[in-house]
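In the working numbering, the protein residues as written are 387 to 677.
Ideal placement from N, C-alpha and C gives every residue a C-beta, glycine not left out.
Because the structure is a prediction, the values reported are computed rather than measured.
First the structure, in the form of structure tokens, and then the observations on it.
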């Protein structure tokens with residue numbers, strides 16, 4: 387029947403999740419041509435890598451805080467550094483692999499739904515840190531080791547992060563409207579602004595440690611400050627990596643008005659991280675100085 391249809395000049399259409407056999411072009415969001423519905427077993431090593439790296443990071447931080455008599459500080463800091471790097475690499479691999487797996491509307495809905503669930507769990511993580519900070523505030527306040535916190539660098543970093551949220555929003559809107567060049571430009575700008583924020587955070591830490599002598603071990607407030615801002619900084623670094631993965635895939639034509647799952651889920655995460663930073667500035671920076 388198929389041969390007869392072809393000889394009669396009737397076009398036959400077969401389009402797998404990887405693309406259209408009539409054109410040979412890949413379809414957005416990836417896929418598996420042998421599994422059009424996306425219902426296949428998919429094993430990934432990246433969740434395990436990310437979890438182990440996060441464990442190493444927290445173990446290293448814990449040893450720096452309470453285990454200086456047990457291990458050298460360089461070893462503890464090195465463990466934390468390896469954990470942070472492994473966490474970022476794991477997130478990048480996880481995101482890239484997840485967005486390469488095929489599927490239609492159901493899988494895109496799954497991406498968005500699981501992102502919301504992750505953000506709910508992340509709220510609980512940050513909330514635990516803020517509860518600890520609230521207990522710190524119950525004691526003698528302000529602490530004697532408190533340096534000037536709300537400086538020009540913090541204000542500039544806040545502005546950069548807020549602008550990045552705006553550029554990502556309008557970049558996504560441009561994608562939905564079919565403006566590919568505008569989408570790529572705004573997405574690339576968002577990645578650059580996120581990287582600048584991470585650099586600004588590192589510069590702030592350097593100034594606090596070397597110019598002010600304000601370190602992770604500077605009392606209860608020092609541990610709360612670096613714990614919360616460091617946790618947020620790690621989230622931003624992971625977000626920059628995810629945005630970078632999305633940007634590279636966008637350059638390859640992976641997204642379109644009807645194929646925006648990767649952009650949508652990473653956007654939700656990025657806006658959440660920006661909102662947490664604003665709350666951190668209000669509570670931890672301005673609040674600590676009694677503003």
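What did DSSP end up calling residue i once you bin it into helix, strand or coil?
i	result
residue 565	coil
residue 482	helix
residue 656	helix
residue 504	helix
residue 599	coil
residue 663	helix
residue 431	coil
residue 617	helix
residue 680	This structure gives no information on residue 680, because the portion of the chain shown stretches from 387 to 677.
residue 668	helix
residue 673	coil
residue 535	coil
residue 703	Because the chain here runs from 387 to 677, residue 703 falls outside it and cannot be looked at.
residue 463	helix
residue 526	coil
residue 457	coil
residue 637	helix
Starting from residue i, follow its DSSP beta bridges and name the residues at the other end.
i	result
residue 645	642
With a CB to CB cut of under 7 Å and the five nearest residues on each side skipped, what residues in its chain are close to residue i?
i	result
residue 621	659
residue 518	610
residue 547	583, 660 and 663
residue 551	656, 657 and 660
residue 481	628 and 631
residue 556	572
residue 420	Confidence in residue 420 is poor, its pLDDT being 39 and thus under 50, which makes the residue's placement unreliable; the coordinate value appears in the next sentence. There are no such residues.
Measure from the alpha carbon of residue i to the alpha carbon of each residue in the options, then state which is nearest.
i	options	result
residue 383	477, 446, 448 and 460	Because the chain in this structure spans residues 387 to 677, residue 383 falls outside the shown range and cannot be described.
residue 626	505, 585, 498 and 533	585
residue 558	536, 535 and 649	649
residue 471	591, 623 and 512	623
residue 647	499, 513 and 433	499
residue 509	665, 671 and 672	665
residue 667	550, 542 and 526	542
residue 616	512, 555, 554 and 434	512
residue 581	447, 645 and 619	619
residue 514	613, 628 and 595	613
residue 591	550, 535 and 480	535
residue 462	568, 475 and 446	446
residue 473	568, 540, 483 and 434	434
Which residues in the same chain have their Cβ closer than 6 Å to the Cβ of residue i, if we skip the five residues on either side of it in sequence?
i	result
residue 425	Legend: pLDDT at residue 425 = 45, less than 50; position of this residue unreliable, no value from coordinates given.
residue 538	none
residue 562	643
residue 554	576, 653 and 656
residue 479	432
residue 564	643
So, at 8 Å on beta carbons, what are the nonlocal neighbours of residue i in its own chain, with the 5 sequence-adjacent residues on each side left out?
i	result
residue 549	579
residue 457	449
Item to check | At least 3 beta-carbon pairs within less than 8 Å: the region 520-536 vs the region 601-613 | outcome: yes
Checklist entry - Is the region 431-446 touching the region 463-481 in the sense that three or more CB pairs, one from each, lie closer than 8 Å? => result yes
Item to check | Inter-stretch contact (C-beta, 8 Å, three-pair minimum) for the region 569-585 and the region 627-645 | outcome: yes
Checklist entry - Would you call the region 633-647 and the region 584-603 in contact, with 3 or more CB pairs under 8 Å? => result no
Checklist entry - Hey, is the region 642-657 in contact with the region 494-508, meaning 3+ C-beta pairs nearer than 8 Å? => result yes
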